[in-house]
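K.L.:
Under our numbering, the first residue of the sequence shown carries the number 6, and numbering increases by one thereafter. Beta carbons are placed, not taken as given, at the ideal position from N, Cα and C, and that holds for glycine.
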Amino acid sequence: MVDFMVTVMGVVLIVEGMPWFVSPAGMKKMLLGFLRIPDRIMRGMGLLLMASGLLLVYLVKG
Numbered sequence: 006m007v008d009f010m011v012t013v014m015g016v017v018l019i020v021e022g023m024p025w026f027v028s029p030a031g032m033k034k035m036l037l038g039f040l041r042i043p044d045r046i047m048r049g050m051g052l053l054l055m056a057s058g059l060l061l062v063y064l065v066k067g
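1. Under the three-state reduction of DSSP, which class applies to Met6: helix, strand or coil?
2. Along the alpha helix (DSSP H) that carries Pro29, what are the first and last residues, could you check?
3. What separation, rounded to the nearest whole angstrom, lies between the Cα atoms of Pro24 and Leu64?
4. In angstroms with no decimal places, state the Cα-to-Cα distance between Leu18 and Gly38.
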């Protein structure tokens with residue numbers, strides 16, 4: 006189980022690091038764009054992402 010979790014974390018780091026490697030300027034521009042999004046919207050987006058992840062894990066694990 007630990008091997009699986011470490012593998013998952015490795016894949017997450019690869020996927021999260023790809024945009025920074027491919028387009029650092031684009032990532033900076035995107036991050037500056039986040040500053041214009043109200044906190045309420047960001048919280049809603051975070052909640053939606055967490056709920057989606059939880060649903061995905063639930064569907065896979067049963």
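P.N.:
Working from what's here:
1. In the structure shown, Met6 sits in coil (DSSP, three-state: anything other than H, G, I, E or B).
2. In the DSSP assignment, Pro29 falls within the unbroken alpha helix (DSSP H) covering 29 to 39.
3. Approximately 28 angstroms between the Cα atoms of the pair.
4. Put simply, the backbone Cα of Leu18 is about 23 angstroms away from that of Gly38.
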